[in-house]
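Peer 1: In the numbering used here, the protein residues as written are 4 to 172. All residues carry an ideal CB built from backbone N, CA and C; glycine is no exception. Quick caveat: nothing in here was measured; it's all calculated off a predicted structure. For reference, the structure I am asking about is given below.
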């Protein structure tokens with residue numbers, strides 16, 4: 004398991020279990036997006052996070068899908084976009100994110116997906132700031148195909164709050 008997958012697994016677990024893990028701090032709720040921060044092994048991690056407003060199919064048994072834009076000041080990492088669709092992805096599959104007429108292909112490992120090029124992350128964030136929704140299509144390890152629709156309402160404020168919290172402004 005790569006460091007990136009391990010890191011996002013921890014962040015995701017903490018996000019899902021917020022009531023149990025008091026170290027997750029809510030920095031602001033902005034419509035469909037939240038800005039949160041936590042400390043993982045002495046490193047501050049700040050992120051904007053959202054859950055889908057619609058999922059298809061509705062009856063598929065899976066954990067909650069989420070999209071994150073993360074900042075890690077100690078590692079000088081910013082604008083890191085990751086996705087979990089609530090299941091392990093099909094081996095060697097890509098997760099497709101469609102915003103307006105632009106599509107982004109995410110690499111997958113286990114239950115996380117991410118972009119590999121910083122330039123694509125920056126381009127996607129710019130679209131997220133201007134657009135109203137993102138559609139995420141993926142295939143599970145069992146072959147189930149899903150489409151999650153995320154509202155981008157509040158993304159800009161959550162993004163700026165997370166960025167500022169980790170001192171990238």
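Between the Cα of residue 170 and those of 31, 48 and 28, spot the shortest distance and give me the residue it belongs to.
Peer 2: In the chain shown, residue 170 corresponds to position 167, counting from 1. Among 31, 48 and 28, the Cα nearest to that of residue 170 is on 48.
Peer 1: Do the segment 85-93 and the segment 139-150 make contact, defined as three or more Cβ pairs closer than 8 Å?
Peer 2: Three or more Cβ pairs drawn from the segment 85-93 and the segment 139-150 lie within less than 8 Å of each other, which places the two stretches in contact.
Peer 1: Flag residue 63 as yes when its Cβ comes closer than 6 Å to any non-hydrogen atom of the ligand FMN, and as no otherwise.
Peer 2: The ligand content of the structure shown is nil, which means the ligand FMN is not present either.
Peer 1: Tell me, to the nearest whole angstrom, how far the beta carbon of residue 111 is from that of residue 98; I am working on the premise that it is less than 8 Å.
Peer 2: Counting from one through the chain shown, the residue named residue 111 turns up at place 108. Counting from one through the chain shown, the residue named residue 98 turns up at place 95. Yes, they are in contact, since the Cβ atoms of residue 111 and residue 98 sit about 6 Å apart, within 8 Å.
Peer 1: For the putative contact between residue 53 and residue 75, defined by C-beta atoms under 8 Å, what is the C-beta separation to the nearest angstrom?
Peer 2: As a working note, residue 53 is residue 50 in the chain shown. As a working note, residue 75 is residue 72 in the chain shown. Not a contact, Cβ separation roughly 19 Å.
Peer 1: For residue 123 versus residue 82, is the C-beta distance shorter than 7 Å?
Peer 2: Numbered from its first residue, the chain shown carries residue 123 at position 120. Numbered from its first residue, the chain shown carries residue 82 at position 79. Against a cut-off of 7 Å, the Cβ pair of residue 82 and residue 123 comes out as no contact.
Peer 1: Sort 100, 40 and 95 by Cα distance to residue 153 and report the nearest one.
Peer 2: For this step, residue 153 is matched to residue 150 along the chain shown. Answer by Cα proximity: 100.
Peer 1: Going by Cα to Cα distance, which pick from 150, 35, 44 and 163 is closest to residue 129?
Peer 2: Here residue 129 is taken as the residue at index 126 of the chain shown, counted from 1. Minimum Cα distance to residue 129 is reached at 163.
Peer 1: If I'm right that residue 135 touches residue 156 with Cβ under 8 Å, what's the distance once you round it to whole angstroms?
Peer 2: Position 132 of the chain shown, counting from 1, holds the residue named residue 135. Position 153 of the chain shown, counting from 1, holds the residue named residue 156. So it is a contact: roughly 7 Å between Cβ atoms.
Peer 1: If you run the structure through DSSP and keep just helix, strand and coil, what is residue 130?
Peer 2: Stepping through the chain shown from its first residue, residue 130 is reached at position 127. Reduced to three states, the DSSP call for residue 130 is helix.
Peer 1: My assumption, with CB atoms under 8 Å, is that residue 57 sits in contact with residue 36. Please give the rounded CB distance.
Peer 2: Position 54 of the chain shown, counted from the start, is the residue given in the question as residue 57. Position 33 of the chain shown, counted from the start, is the residue given in the question as residue 36. Rounded, the Cβ-Cβ distance is 16 Å, inconsistent with contact.
Peer 1: Using only alpha-carbon positions, find the residue among 60, 126, 30 and 77 that is nearest to residue 44.
Peer 2: The residue you call residue 44 lines up with position 41 of the chain shown. Ranking 60, 126, 30 and 77 by Cα distance to residue 44 puts 77 first.
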